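Worksheet for the structure shown next.
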Amino acid sequence: MKKILMMSMCSALLLAGCNKTSQQDQTVSKEQKSTAQKATEQRDSSCLQIMVAMHTINQNSKIEDLNQINEKLKTCVPSLKNEEQLKLIEASTAMYQRFIKQDYTDKTARAFEAFGYAVLEQKQDLKKVMQSQKKLFAQLSPRDQYLLQHEG
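Residue numbers for the sequence shown, in mature numbering (1 follows the signal peptide of the UniProt record, and there is no 0): -16 to -1, 1 to 136.
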């Protein structure tokens, strides 16, 4: 009888020791909420930074700048609400309009013409010509480079 009593007392103490108190549960819950809130705030601030970066893009910007913004947009957009996504779409449209706005000069027109002839003469895929004619491709305006790289 003593053994049964001792075993049941030990079991009760063991079970009581393993149970979390509601205060511990609340602390863990608060920590989880604060981490989730911080992650959301970081996403929101990175999305705001994207908006600022988008407004700095103009016809003198580099293609790499556009590519960086596009990569950031891929991570930011899925977490946003629809109305925020629409704002980003409008900002993106304005960004691309500023980027592709180009005043042609004789130099850029000749470079584009020479590159076009190189494509026709070699009768190759545009991507292959861009690789083989890097020097000629570099003379094109950033707008033309971007449009040729993203054709189709």
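No residue lacks a Cβ here, since even glycine has one placed at the ideal position from N, Cα and C. None of the values given here were measured: they were computed from a predicted structure.
As assigned by DSSP and simplified to three states, the class of glutamine 117: Taking the first residue of the sequence shown as position 1, residue 117 is located at position 133. In this structure, glutamine 117 counts as coil in the three-state DSSP scheme.
Backbone CA spacing between glutamine 69 and glutamate 48 [nearest angstrom]: Numbered from 1 along the sequence shown, position 85 holds the residue referred to as residue 69. Numbered from 1 along the sequence shown, position 64 holds the residue referred to as residue 48. Going from the Cα of glutamine 69 to the Cα of glutamate 48 covers about 23 Å.
For tyrosine 88, the three-state DSSP class (helix, strand or coil): Along the sequence shown, read from residue 1 onward, the residue named residue 88 stands at position 104. Of the three classes helix, strand and coil, the one that applies to tyrosine 88 here is coil, per DSSP.
With 16 other Cβ atoms within 10 Å as the buried cut-off, status of leucine 32: Taking the first residue of the sequence shown as position 1, residue 32 is located at position 48. Looking at its Cβ environment, which holds fewer than 16 other Cβ atoms inside 10 Å, leucine 32 is exposed.
Distance, tyrosine 80 Cα to leucine 57 Cα: If you number the sequence shown from 1, residue 57 lands on position 73. If you number the sequence shown from 1, residue 80 lands on position 96. Distance between the alpha carbons of leucine 57 and tyrosine 80: 14 Å.
Beta-carbon proximity list for leucine 120, same chain, < 8 Å, skipping 5 on both sides: One-based indexing of the sequence shown puts residue 120 at position 136. Cβ neighbours of leucine 120 beyond the five flanking positions: Ala95, Ala98, Phe99 and Ala102.
Candidates Met114, Leu132, Ala93 and Ile34, of which the one nearest glutamate 55 by Cα: Position 71 of the sequence shown holds residue 55. With distances taken between Cα atoms, glutamate 55 lies closest to Ile34.
Sequence ranges, alpha helix (DSSP H) only - wholly within the stretch 65 to 112, length at least 4: 66 to 84 and 90 to 106
Cβ-based burial, valine 36 [other Cβ within 10 Å; buried from 16]: Counting from 1 along the sequence shown, the entry for residue 36 is found at position 52. That one is exposed.
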